[in-house]
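I have placed the structure first, in the form of structure tokens, so that the comments after it can refer back to it.
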Amino acid sequence: MEQYGNATPQSGSPQLREIRAHYNRIKSQFAARDGRMQDVLAVRQGRMRDVYPDLFPEGPFDKGIVANMVDVAARDLAETLAPMPSFNCTSARMVSDTAREFAEKRTRIVNGYINFSNVQTQMYTATDRYFTYGFVPAMIEIDTEQQMPRITFMDSIGAYPVFDRWGNTKAGYFSFYKNRDELVAMYPHVEEVIKQQSTGLEMIEVVRYHDAKIDVIFCPTRDGIVLEKIKNPIGECLLEFVRRPGVDTETHGQFDDVLAVQVAKARFALLSLEAAQKSVQAPIVLPPDAQELALGSDAVIRTASGEKVRRVPIEVPASAFAQQGVLDQELRQGSRYPEVRGGNSDASVITGKGVQALMSGFDTQIRTGQAMFAKALENLVGKAFMVDEKLFGAETKVLRGNTDGAPYEIRYRPDRDIKGDYSVDVQYGLLAGLDPNRALVFGLQARGDQLISRDFLRRQMPFALDASEEAMKVDTENLRDSMLQAVSGLAQSIPALAAQGQDVSQVLKQLSIVITARQKGTPIEKAIEQAFMPPEPEPAPPELAEEAGMEADMLTGSPDDMMQSGGDGLPGGLRESGRMRDVAPGQQGMPEGGRPDLMSLMASMGSQGKPNLQAAVQRKQAI
6 MEQYGNATPQ SGSPQLREIR AHYNRIKSQF AARDGRMQDV LAVRQGRMRD VYPDLFPEGP
66 FDKGIVANMV DVAARDLAET LAPMPSFNCT SARMVSDTAR EFAEKRTRIV NGYINFSNVQ
126 TQMYTATDRY FTYGFVPAMI EIDTEQQMPR ITFMDSIGAY PVFDRWGNTK AGYFSFYKNR
186 DELVAMYPHV EEVIKQQSTG LEMIEVVRYH DAKIDVIFCP TRDGIVLEKI KNPIGECLLE
246 FVRRPGVDTE THGQFDDVLA VQVAKARFAL LSLEAAQKSV QAPIVLPPDA QELALGSDAV
306 IRTASGEKVR RVPIEVPASA FAQQGVLDQE LRQGSRYPEV RGGNSDASVI TGKGVQALMS
366 GFDTQIRTGQ AMFAKALENL VGKAFMVDEK LFGAETKVLR GNTDGAPYEI RYRPDRDIKG
426 DYSVDVQYGL LAGLDPNRAL VFGLQARGDQ LISRDFLRRQ MPFALDASEE AMKVDTENLR
486 DSMLQAVSGL AQSIPALAAQ GQDVSQVLKQ LSIVITARQK GTPIEKAIEQ AFMPPEPEPA
546 PPELAEEAGM EADMLTGSPD DMMQSGGDGL PGGLRESGRM RDVAPGQQGM PEGGRPDLMS
606 LMASMGSQGK PNLQAAVQRK QAI
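Numbering (the working numbering), first residue to last: 6 to 628.
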């Protein structure tokens, strides 16, 4: 950092003289814009008299007594546009796992930049300035202490951009005011010079200039005193201006054309209040025989013509009240702020399509703002990549961020994990900018018509959401619900089992196991597994074990041996009916111990998870 103390000749270098001269020219060029910005700021703050002093004389109601629709609309627009877009460095065209992993890591680095810079918090003020003044500047600040690039949105007032022929930001001036003591505290090396040229109370103009070569702070009205001068270490202009589109190069705020309407509306309301006040305090007409007395709560007027005692009527024309309605309509139309945003709508248009039609102008502004901010954020993130790699490339750093609602911590080294790739895709979701109710209805309708997939809808929701994680959770919930339906169906089938003469004691025992396990906090899947798991087979008696061994030997022998083993021309263990020996009719294939299995249970349920009472319920009988 190159700094200059009280060596004021530095302020006369050819480079700095050209910067000062250019600043004076560009400030004069933007004089009309600066006037509009000060007017809209005054109206938003309720300082109507500063803009139209003749309409608001000194008094208790010099700020207007009606709702400040300019301020209300600006705040609502800003809060709707403020939610962050998504940042993605990956592409569907990537076929290499290595390339995809590289891009995914860069995506996490980007989100780390956003979190480190508190961009979401800044966006509420930035979007407000965008609508109010027509533009908002942003810059990549170099945080040498944290060794990180920092995205900073700046004040629009006093900002003067310089663009190239393609509309890209080439340079920028930023003017602000400080008193002498503030400047000395910020720049102690110029204390003597500042004290010589200013008093302690006056405000001193300070200008910061930035381009691809230099970053300099100077006082244009104090012989160009240089407070700070830094060489741009990147060789790229780190500024970006988010601008509302227009028909010319001038920037216009959302409310430039309706300030007079807001002021007139406030003036009409003030006149109505004054008329009401004068009507209450109007002069009193007395008949000739009335004695003139001081008026008050206990005043007495003696007259034979009491009916002639009256106040002079002050009538407010009905057209005055009608004109206020006209002004209100003009204010909303000029600012493109529909009445429905305040919760009011005509009864004839309360349908979904009617509300959508009323909101179309509002939504269009939000979509336009999203496109402008998306492009600006792409450029800012690219410059952040550049700063990080060129200045702190060899440093191993840690960033924390949030992707799709899931927090993370990443360790990276810029020269290894960026490698000159500064590209990023910034996208606002399909439903971004819509209020939650309309967004949800629109998304569900599109999903119901099979226009989009569930995964796409999850990723487009206007709130942070880990789509993959949520898909897994939904699948788990569905499977759990199916298991619960199966157990519920079993419980509801108990009367049918009893009516058929079946033993329901085992079913009751299984249900009791499930209930007890759930009361202890066991997951439903584990509880069902414990209740319906077939018991371990008991060791067979020696004689049965020997018989089983002989049957196994016959199964491994020749077909003739197998046919002879049964003694009746059938394979060993089979009866003429084809079922196994010692198995009751209809029980072949059933689990041991008489437990009904879940497969049989599910097969006997209807489409809604209810038990099918027409189905025969079988239980294995001991023989």
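Every residue gets a Cβ at the ideal spot worked out from N, C-alpha and C, and that includes glycine.
All values derive from a computational prediction rather than experimental measurement.
When rounded, the separation of the alpha-carbon atoms in serine 33 and alanine 47 is 21 Å. Along the length of the region 210-291, whole beta strand (DSSP E) runs at least 3 residues long occupy 219-224, 230-236 and 244-248, reported in chain order. Excluding the 5 residues flanking it on each side, alanine 274 has same chain C-beta neighbours closer than 6 Å at Ile70 and Val71, in chain order. In the three-state reduction of the DSSP assignment, glycine 506 falls in the coil class.
Put simply, the backbone Cα of proline 419 is about 22 Å away from that of alanine 381.
In the structure shown, glycine 526 falls within a coil segment according to DSSP collapsed to helix, strand and coil. In terms of Cβ geometry, valine 479 and leucine 516 do not form a close pair [threshold 9 Å]. Distance between proline 142 and isoleucine 529, taken at the CA atoms: about 55 Å.
For glutamate 106, the closest C-alpha among the options Gln450, Tyr417, Phe168 and Gly434 is that of Tyr417. Excluding five sequence positions before and after methionine 488, the CB atoms of its chain that fall closer than 7 Å to its own CB belong to Ile529, Glu530 and Ile533, given in chain order. With a cut-off of 8 Å on Cβ pairs, the region 187-205 is not in contact with the region 162-174, counting fewer than three such pairs. Look at leucine 206 here: in three-state DSSP terms it is coil, with no helix or strand label. For isoleucine 145, the enclosing beta strand (DSSP E) starts and ends at 140-148. For lysine 270, the number of other beta carbons within 10 angstroms of its own is at least 16, and it is reported as buried. A distance below 6 Å between beta-carbons, with the five flanking residues on each side excluded, links lysine 388 to the following residues of its chain, in chain order: Ile145 and Leu243.
Looking at the DSSP output, glutamine 432 bridges to Ser91. Here tyrosine 427 carries a coil assignment [DSSP, helix/strand/coil]. The C-alpha of valine 212 is placed about 29 Å away from the C-alpha of glycine 51. Fewer than three pairs of CB atoms, one per stretch, sit closer than 8 Å, so the region 392-411 makes no contact with the region 258-267. Contact between methionine 74 and tyrosine 342 holds: their C-beta atoms lie close to 7 Å from each other, under 8 Å.
The Cβ atoms of phenylalanine 390 and tyrosine 427 lie closer than 9 Å to each other. Non-local beta-carbon contacts of alanine 36 in its own chain, meaning distances under 7 Å to residues more than five positions away in sequence, are absent. By the Cβ neighbour-count rule, asparagine 116 is buried, with 16 or more other Cβ atoms within 10 Å of its own. Spatial neighbours of leucine 332 in its own chain (CB-CB distance under 8 Å, excluding positions within 5 residues in sequence) are listed in chain order as Val266, Ala269, Lys270 and Phe273.
Within its own chain, the residues whose Cβ lies closer than 6 Å to the Cβ of aspartate 55, once the five positions on either side in sequence are excluded, are Ala47, listed in chain order. In this structure arginine 337 is buried. Its beta-carbon is surrounded by 16 or more other beta-carbon atoms within 10 angstroms. Between aspartate 186 and glutamine 375, the alpha-carbon positions lie close to 41 Å from each other. Under the criterion of beta carbons closer than 8 Å, isoleucine 289 and arginine 316 qualify as touching, at roughly 6 Å. Counting along the chain, tyrosine 28 sits inside the alpha helix (DSSP H) bounded by residues 19-34.
Residue pairing for glutamate 414: DSSP places it in a beta bridge opposite Arg405. Excluding its 5 nearest sequence neighbours in each direction, tyrosine 192 has C-beta neighbours in its own chain below 7 Å: Leu232 and Glu233, listed in chain order. Sequence-distant Cβ neighbours of isoleucine 24 in its own chain, meaning closer than 6 Å and more than five residues away, are Tyr214.
Counted as a single uninterrupted DSSP element, the alpha helix (DSSP H) harbouring alanine 79 occupies residues 74-86.
Beta-carbon to beta-carbon, proline 90 and alanine 379 are separated by about 6 Å, close enough to satisfy the 8 Å threshold.
In the three-state scheme derived from DSSP, where H, G and I count as helix and E and B as strand, methionine 488 is classed as helix. Short of 8 Å from the beta carbon of lysine 395, and not among the five residues preceding or following it, lie these beta carbons of its own chain, in chain order: Pro238 and Ile239.
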